[in-house]
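What follows is a single structure, written as structure tokens, with notes after it.
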Amino acid sequence: MPFSICQSLTFAASISSVDPVAVIGVFEQINVNKFLFINVFGEALFNDAAAVTLYQMFIKFSLIGPRNLNFLHYFVSILSFVIIVIGGVLIGLFFAAISCIATKYTTRFRIFAPVFVFVFPYMSYLTGEMFGTSAILALIVCSISMKKVVKSNLCDDSYMAVKYFVKLLAQSSEAIVFLFLGLSLVPQTQIWDWKFISCTIASCLIFRAIGVVAQCAWLNRYRGKKFSFVDQFVLTYGGLRGISIRPLLFWLKVERDDDDGAQPAVEEEKKDDTPDEKLDRYTDYAMAGLETITSGAGKHFLRKALARHLHNMPTRSGTESEEGRPLLT
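Under my numbering, the first residue of the sequence shown carries the number -4, and numbering increases by one thereafter.
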């Protein structure tokens, strides 16, 4: 099925996001130089903000239709992109200023200072989302702007509490993000197109290398501290695709043109599980696994044993169940 220009741009915006979590985590372990660390860190953070903004813009283009686009649409999109970026920066600076003032005049109440460090950046993110600006950029600008001043306003105990709580929160969030990524990928039916996947991976690697080498060659002409060959190599393979690709593609509603193909006579109505139902199902799986490890014979163990028995039981035609999955889940 051929891709339209809007679909191609939407897919390009989604896969252009890089992963700061994995790259920065590796860099901290191997203790790379600060020059390279700052460049990769800044690229990863601001790249995510730009990728999400471009993705939303191309989604609107897809809804309008390539044939219905005119010069006004392009002009408004470019103008909105600038407004989104500037709005995110202003919101971040506003909440950073409030945070600095709040921590300055609450030195007597040490318990409030660490709370302000987390509340105001999160409020900048929510405000950015509420006004339709770049929430990621607002959060980044707020955190960067408030770091120097807020750090001097905190006492030693509050500073150490904030420092280690941020590290704990970052590591926990990393584990939770990849955990839910795995849980969301496995149950869903995937359509594998090896040609498209191979072409996408090869294009990401090749054009990433070309972009890094070209930009570093241009920047080295005007910079005092130049990018070495090792720095360029690290920047090339450090551009791993980001975890934000998954939610972007998950939100994407793919509309297929099936005029040339046969439509199914009856489509199965799919009902989305509620969060409580999903939590109960995953809890049952975990308890069944624990009962298997501890050689217990609780209700979960008996239920899974019955499900396996019914799954292996032949039907009237002498074969397994038509769907090929357990009858009890």
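For glycine and all other residues, C-beta sits at the position ideal for the given N, C-alpha and C. Owing to the predicted nature of the structure, the values given are computational and were not obtained by experimental measurement.
Secondary structure of residue i, DSSP reduced to three states
| i | result |
| --- | --- |
| valine 208 | helix |
| tryptophan 213 | helix |
| threonine 128 | coil |
| aspartate 152 | helix |
| tryptophan 187 | coil |
| asparagine 26 | coil |
| phenylalanine -2 | coil |
| proline 61 | helix |
| tyrosine 50 | helix |
| lysine 99 | helix |
| arginine 218 | coil |
| arginine 105 | coil |
| serine 223 | coil |
| serine 12 | coil |
Cβ neighbours of residue i in the same chain (closer than 6 Å, five flanking residues each side left out)
| i | result |
| --- | --- |
| serine 11 | Ala46 |
| lysine 99 | Asn148 |
| alanine 97 | Phe111 |
Inter-residue Cα distance where the pair is residue i and residue j
| i | j | result |
| --- | --- | --- |
| phenylalanine 22 | phenylalanine 191 | 31 Å |
| cysteine 1 | alanine 92 | 40 Å |
| phenylalanine 212 | glycine 82 | Here residue 212 turns out to be alanine, not phenylalanine, going by the sequence shown. Spanning the two alpha carbons is a distance of roughly 33 Å. |
| aspartate 253 | alanine 197 | For aspartate 253, the predicted structure reports a pLDDT of 40, less than 50, and the residue's modelled location is therefore unreliable. A value from the coordinates is still provided. Rounded to the nearest angstrom, the two C-alpha atoms are 29 Å apart. |
| lysine 29 | valine 35 | 10 Å |
| threonine 128 | alanine 7 | 21 Å |
| serine 140 | isoleucine 201 | 36 Å |
| tyrosine 159 | serine 119 | 22 Å |
| leucine 4 | proline 116 | 31 Å |
| glutamate 124 | alanine 130 | 5 Å |
| tyrosine 154 | lysine 142 | 11 Å |
| valine 114 | tryptophan 187 | 43 Å |
| alanine 156 | valine 71 | 46 Å |
| serine -1 | asparagine 42 | 24 Å |
| serine 168 | glycine 177 | 14 Å |
| phenylalanine 173 | valine 110 | 27 Å |
| phenylalanine 126 | leucine 85 | 12 Å |
Nearest-angstrom Cβ-Cβ length linking residue i and residue j, presumed shorter than 8 Å
| i | j | result |
| --- | --- | --- |
| valine 145 | valine 112 | 6 Å |
| glycine 87 | leucine 134 | 7 Å |
| phenylalanine 224 | leucine 214 | In fact, because the Cβ distance is near 14 Å, the residues do not count as touching under 8 Å. |
| threonine 48 | isoleucine 73 | Rounded, the Cβ-Cβ distance is 11 Å, inconsistent with contact. |
| cysteine 327 | arginine 105 | Limits of the chain in this structure are -4 at one end and 324 at the other, which puts residue 327 out of reach. |
Proximity to residue i [Cα-Cα], best of the options
| i | options | result |
| --- | --- | --- |
| tyrosine 75 | Gln166, Lys55, Thr5 and Leu164 | The sequence as given places serine at residue 75; tyrosine does not occur at that position. Considering only alpha carbons, the answer is Lys55. |
| serine 138 | Cys95, Leu176, Asn26 and Val80 | Cys95 |
| leucine 132 | Trp189, Lys143, Ala39 and Ile33 | Ala39 |
| methionine 52 | Gly177, Val84, Asn26 and Ser9 | Ser9 |
| phenylalanine 89 | Gln166, Val136, Phe126 and Arg62 | Val136 |
Same chain only: Cβ atoms within 8 Å of residue i, ignoring 5 sequence neighbours per side
| i | result |
| --- | --- |
| valine 207 | Gln227, Leu230, Thr231 and Gly234 |
| alanine 204 | Thr231 |
| leucine 121 | Ala130 |
| histidine 68 | Phe56 and Ile59 |
| valine 27 | Val229 |
| glycine 219 | none |
Residues of its chain near residue i, where Cβ-Cβ distance is below 7 Å and the 5 sequence neighbours each way are ignored
| i | result |
| --- | --- |
| threonine 101 | Phe107 and Ala108 |
| leucine 328 | This structure leaves residue 328 out entirely; the chain is present only between -4 and 324. |
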